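A.B. asks:
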Amino acid sequence: MLLKEVIVENFTDIPRQVALADRIIVADNLAVGGTTTSKGVIAEATRYVHEHDKAITFMIRPRGGDDIYSDTEVKIMEADIFEAQAQGADGIMVGALTPQNTIDTDAMEQFIAAANGMTIIFNAFDQITPAQQPAALAWLSDHQIDQVITRGTNDLTQPLNIAHIKEIIKWADQQILVVPSGVTKDNAAQIATELGVKLVCGTNLM
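For the sequence shown, position 58 matches number 58 in the UniProt record's numbering, and the numbering has no gaps at all.
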């Protein structure tokens, strides 16, 4: 059975999606790639989704733009992770990179510690150069990151790069879950079949 992880922009989308989605991810301001929602949304969305026996994840991102964060931004993100933890969220979606577009290991280690066992989805993988991606997957796996989402390309104007996602899945070697993102209700089944995956992620899956 194909599982669907749906990204919603605010609480008002959740009642419509929760009955059909297997997992809910909440991210505000999707037009700029997503940002962290308010404390109130975290609390109410978590309560509602748990009442419907589903899992909920929150994007942790202080602004749009790149995923290269200052020390102050890292502190903000850490505080937001603590808030999600306090409200009972099941997971976070987060990513941090260096100016060279490699994993910012110091920031990620802070986020992992703050998550304290919550599921972690790494959402900055496509910004890492393909040559560096196998090493990045190994680091993420070694540090108990649960999932990587990828389009197989960092060009949002292009469709998913299925051939490259297949490479990424091969590199992951079942050590970390690789999930195609940007999938729609029209292509979800086809993409899942092509890639041999059982979980897809997108904003338009229902």
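Just so you know, even glycine gets a beta-carbon here, dropped at the ideal spot from N, CA and C. Note that the structure is a prediction, hence the values are computed from the model and not measured.
Could you tell me the distance, in whole angstroms, from the CA atom of Ala-131 to the CA atom of Gln-87?
C.D. replies: If you draw a straight line from the Cα of Ala-131 to the Cα of Gln-87, it comes to about 39 angstroms.
A.B. asks: Measuring CB to CB, does Ala-172 end up less than 8 angstroms from Leu-137?
C.D. replies: Yes, they are a contact pair.
A.B. asks: Run through DSSP, which three-state label would Glu-5 get?
C.D. replies: strand
A.B. asks: Measure the alpha-carbon distance for Ala-21 versus Ala-45 and round it to whole angstroms.
C.D. replies: 14 angstroms
A.B. asks: Using the three-state DSSP reduction, which class does Gly-33 fall into: helix, strand or coil?
C.D. replies: coil
A.B. asks: At what residues does the beta strand (DSSP E) containing Val-148 begin and finish?
C.D. replies: 147-150
A.B. asks: Report the option in Thr-36, Ile-25, Gly-33 and Arg-61 whose CA atom is closest to the CA atom of Lys-54.
C.D. replies: Ile-25
A.B. asks: What span of residues does the alpha helix (DSSP H) with Pro-134 cover, start to end?
C.D. replies: 133-142
A.B. asks: What do you reckon, are the CB atoms on Gly-152 and Ile-128 nearer than 8 angstroms?
C.D. replies: Contact flag unset, no.
A.B. asks: Nearest-angstrom Cα distance between Asp-155 and Asn-161?
C.D. replies: 10 angstroms
A.B. asks: Report all residues from its chain with a CB closer than 6 angstroms to the CB of Ile-60; omit the five preceding and five following residues, and keep chain order.
C.D. replies: Thr-36, Met-77, Asp-80, Ile-81, Ile-92 and Val-94
A.B. asks: Which ranges does the beta strand (DSSP E) cover as unbroken runs of at least 3 residues, wholly within the region 22-75, from first to last along the chain?
C.D. replies: 23-26 and 55-59
A.B. asks: Reducing DSSP to helix, strand and coil, say where Thr-105 ends up.
C.D. replies: helix
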